[in-house]
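Asks:
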Amino acid sequence: MPGRIEDYALVGDLLTAALIGRDGSLDWLCLPRFDSPACFAALLGDEDNGRWLVAPVPDEGNTVRRRYRGDSLVLETEWQTPTGRVAVVDFMPRRKGAPCVVRIVEGLSGTVDLRMDLRLRFEYGSVVPWMHRTEGQLTGIAGPESVWLSTPVELLPDGESHSAVFTVSAGESVASVLTWQASHLPAPAPVDPFYALRRTEEYWREWLKPWTYGGTYREAVVRSLITLKALTYEPTGAIVAAPTTSLPELPGGVRNWDYRYCWLRDAGMTLEAMLRSGFTTEADAWRGWLERAVAGRPQDIQIMYGIAGERRLTEWTADWLPGYEGSRPVRIGNGAAAQQQLDVPGEVMETLALSVRSGLRPERHLLALQQTVLDHLEKVWTRPDQGLWETRGAPRHHVHSKVMCWVAFDRAVRMSEEHGRPGPVAHWREVRDRIHREVCDRGFDPVRGTFTQFYGSRALDAALLLIPQTGFLPPDDPRVVGTVAAVERELTTDDGLVRRYSTGGNDSADGLAGGEGAFLACSFWLADALLMTGREDDARALFERLLLLRNDVGLLAEEYDPVAGRQLGNFPQAFTHVPLVRVAYELDGHAPEHARSPVGAPGRSVPGGSTG
């Protein structure tokens, strides 16, 4: 069985990524892209669904310590065994040709016996390849795919796997390279594992040079930034929400989704994190992906796209996989791509405004698209939608969606006023103010003093915490303060973590059975909202509590189960690491000139903003 979600660490080459457990088992890898079929899928089942194990034998009596080597994506797992000490160094070199994974065993002291077990399974664990030796390499081939393993370890057939036990003594190194190649092509070019290791560590050192933050939370921020970079599909600039599919929001439940795609709502938040960190090249690439993805008619804009901008993300079920801890169905693709979510035009306009404000130059077609997007949004903003949480129940008039419709028109007004962008500013201002009045009239519960999840509901939504970030109302407005207090009162767990919304009740909009854990991004949003409303001590305490939930190498999933004390959901999650960066910077006052929000410091009113 796979380990706990937090038992995994990430390695990647900026086109795909692998998850490797504390036990030395590589349990998830999709090749050649993030969204390709997995050739190791034990994460969603067991070892017979595909894995590559390198670890000491026997495994009893060993202690394990893991770390990333410096500020890099090179993973080092060290075992202290009764007979000696050994490390396995795992990484994926940046590509010049075929993608590969390098695993180097280093003897540190004494003598250690290790086991290598290779179980290739193409097409998400469903296809057992034909294995043979070619040109001194062990080769697995099936249909369009082939994998080549170059190793000095003599692996022998063992059922439908290949395995061996080998010995490493102090000062010795044993390097293995696994390379993917389209099956109709010749053998891939050889890789020098030790040269590749040096080059990979050098790359990460060079990449971090523009970053100047040295504040209180440096260690947490740098790991989050490296993780965001690792989730980037370098050819297009797209950033996947996570490199995994169907890791459950509750073990054994049905809330299992494919996150190997790009959500437009992540764009502004990710762009802010990159800009505030000095990574203008990555920010510009991400903005460029967005511009290409949304090109076309405004009514055809989707909430998410593939990593190259693909629109068709058909959802289907890999019914041969038992799922992580029995969590079924295992979904490939994401049907939510076809949903209507009215916050998306606001996210696009927010990203466009941030690009202009930061000196990035949007393509002409995106500036031209602004007018048509707003014309379309003016016609549809009064409709119900599925909301940012992609609920699968009946559409509702979600308050967050309406706030983001306000954002769309507000940012158009601001770009015209502050940067001379053309447009019917007076009309946009009128529509903006009309939306504002409706949200304050229909989305606010005056008895409880809080905004609600949707019109007429008593339910709450953690996305309401973003209201002061957007500038819809200033942080010191009593309605904002009341909403933050209501979320604290009604959506937090006993230890202060935040749930997205109430699930399973008659007032619930999600249309799904079962519950979920606390949502980590929402918990960071609460810390941000506490800071903005003048409660810095509470904000810092919550933020530092959240940092303690990271695993031993600094990674976070989508959710956390405070009862079982474990991470849940797809892993690692970009949507979690982005607000971590923001709140760390806000607490330390880092680079405020690049802030995504037009609000600025806590308690400051919004210049030109509405007050309702």
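Residue 187 is where the sequence shown starts when you use my numbering, and the numbers rise one by one after that. Ideal placement from N, C-alpha and C gives every residue a C-beta, glycine not left out. Every value quoted in this text rests on a predicted model; they were computed, and no experiment measured them.
Three-state secondary structure (DSSP) at Q556?
Replies: Of the three classes helix, strand and coil, the one that applies to Q556 here is helix, per DSSP.
Asks: Restricting to Cα atoms, I'd like to know which of E321, L201, F352, L261 is closest to G283.
Replies: Residue L201 is the option with its Cα nearest to G283.
Asks: State buried or exposed for M187, treating a residue as buried only when at least 16 other CB atoms are found within 10 Å of its CB.
Replies: M187 should be labelled exposed.
Asks: Counting Cβ pairs, one atom from each stretch, are 3 or more of them under 8 Å apart for the segment 274-281 and the segment 193-200?
Replies: They touch, by the three-pair rule.
Asks: Applying the criterion that 16 or more other CB atoms from any shown protein chain within 10 Å of the CB defines a buried residue, is S643 buried or exposed?
Replies: Buried is the call here.
Asks: Note down, in chain order, each residue of its chain lying with its Cβ closer than 8 Å to the Cβ of F710, except the 5 sequence neighbours on either side.
Replies: So the list reads F729, L732, T762, P765, L766, R768, V769, once near-sequence residues are dropped.
Asks: Would you identify the three-state DSSP class for H586, choosing helix, strand or coil?
Replies: Helix, per DSSP.
Asks: Do L499 and Y419 have their C-beta atoms closer together than 9 Å?
Replies: Going by C-beta atoms, L499 is not nearer than 9 Å to Y419.
Asks: Which residue's Cα is closest to the Cα of L646: E604, S369, Y687, A373?
Replies: Comparing Cα positions, the closest option is Y687.
Asks: What do you get for Y171, buried or exposed, if any count of 16 or more other CB atoms within 10 angstroms of its CB means buried?
Replies: Only positions 187 to 798 of the chain appear in the structure, and residue 171 is not among them; the question remains open.
Asks: Give me the Cα-Cα distance between G794 and P664, rounded to the nearest whole angstrom.
Replies: Because G794 carries a pLDDT of 32, less than 50, the predicted location of this residue cannot be relied on, and the following value inherits that uncertainty. Taking the straight line joining both Cα atoms gives about 18 Å.
Asks: Pull the bridge partners of Y403 from the DSSP assignment, please.
Replies: According to DSSP, which records beta bridges pairwise, Y403 is partnered with nothing at all.
Asks: Take V354 as the anchor and find which of M317, A427, V272 has the nearest alpha-carbon.
Replies: Among M317, A427, V272, the Cα nearest to that of V354 is on V272.
Asks: If I measure Cβ to Cβ from R618 and keep anything under 7 Å in the same chain, skipping five residues before and after, which residues do I get?
Replies: Hits under 7 Å: W592, F595, D596, V599.
Asks: Around the Cβ of E533, are there at least 16 other Cβ atoms within 10 angstroms (buried) or fewer (exposed)?
Replies: With 16 or more other Cβ atoms within 10 Å, it is buried.
Asks: Against chain D, with Cβ distances strictly below 9 Å, would V272 count as a contact?
Replies: Note that chain D does not occur in the displayed structure, where there is just one protein chain.
Asks: Could you check where the alpha helix (DSSP H) with V739 kicks off and where it finishes?
Replies: First-last for V739: undefined, no H or E at that position.
Asks: For V314, report the span of its beta strand (DSSP E) as first-last.
Replies: No beta strand (DSSP E) contains V314, which DSSP labels as neither H nor E.
Asks: Express the C-alpha separation of F757 and A204 in angstroms, rounding to a whole number.
Replies: Taking the straight line joining both Cα atoms gives about 11 Å.
Asks: Hey, how far is the Cα of G789 from the Cα of M590?
Replies: For G789, the predicted structure reports a pLDDT of 29, less than 50, and the residue's modelled location is therefore unreliable. A value from the coordinates is still provided. Whole-angstrom Cα-Cα distance: 21 Å.
Asks: Please name the residue, chosen from P268, A227, E264, that lies closest to D276 on a Cα-to-Cα basis.
Replies: Ranking P268, A227, E264 by Cα distance to D276 puts E264 first.
Asks: Pairs of beta-carbons, one from the segment 253-260 and one from the segment 397-417, closer than 8 Å: are there three or more?
Replies: Yes, since at least three Cβ pairs between the segment 253-260 and the segment 397-417 fall closer than 8 Å, the two stretches touch.
Asks: Anyone know if the C-beta pair for G401 and D774 falls short of 9 Å?
Replies: Cβ atoms of G401 and D774: closer than 9 Å.
Asks: In three-state DSSP terms, what is I425?
Replies: Looking at I425 - three-state DSSP - the assignment turns out to be strand.
Asks: T422 and Y445 look like a contact to me (Cβ under 8 Å); what is the Cβ gap, rounded to whole Å?
Replies: About 17 Å separates the two Cβ atoms, so there is no contact after all.
Asks: Just to confirm, are Q526 and V566 a CB contact at a threshold of 9 Å?
Replies: Cβ atoms of Q526 and V566: closer than 9 Å.
Asks: In the structure shown, what three-state DSSP assignment does R675 receive?
Replies: Helix at R675.
Asks: May I ask you to list the residues that DSSP assigns as paired with M490?
Replies: Bridge partners of M490: W449.
Asks: For a test of the three-state rule: what should DSSP assign to S410, helix, strand or coil?
Replies: Helix at S410.
Asks: Kindly list the residues whose CB is nearer than 6 Å to the CB of E468, restricted to its own chain and excluding five residues on each side of it in sequence; keep chain order.
Replies: Result list for E468: M460, in chain order.
Asks: Put L417 into one of helix, strand or coil per three-state DSSP.
Replies: Looking at L417 - three-state DSSP - the assignment turns out to be coil, as it is neither helix nor strand.
Asks: Work out the CA separation of A523 and M490 for me, nearest whole Å.
Replies: The alpha-carbon atoms of M490 and A523 are separated by roughly 6 Å.
Asks: How would you label H370, buried or exposed, when you count the other beta carbons within 10 angstroms and need 16 or more for buried?
Replies: H370 is exposed by the Cβ-count criterion.
Asks: Could you say which of G521, A649, G474, L507 lies nearest to R547 if we only look at CA atoms?
Replies: It is G474.
Asks: Can you tell me whether DSSP reads W443 as helix, strand or coil?
Replies: Note: W443 maps to coil in three-state DSSP.
Asks: Can you name the residues that DSSP bridges to F308?
Replies: DSSP, once it has assigned bridges, lists V313 as partnering F308.
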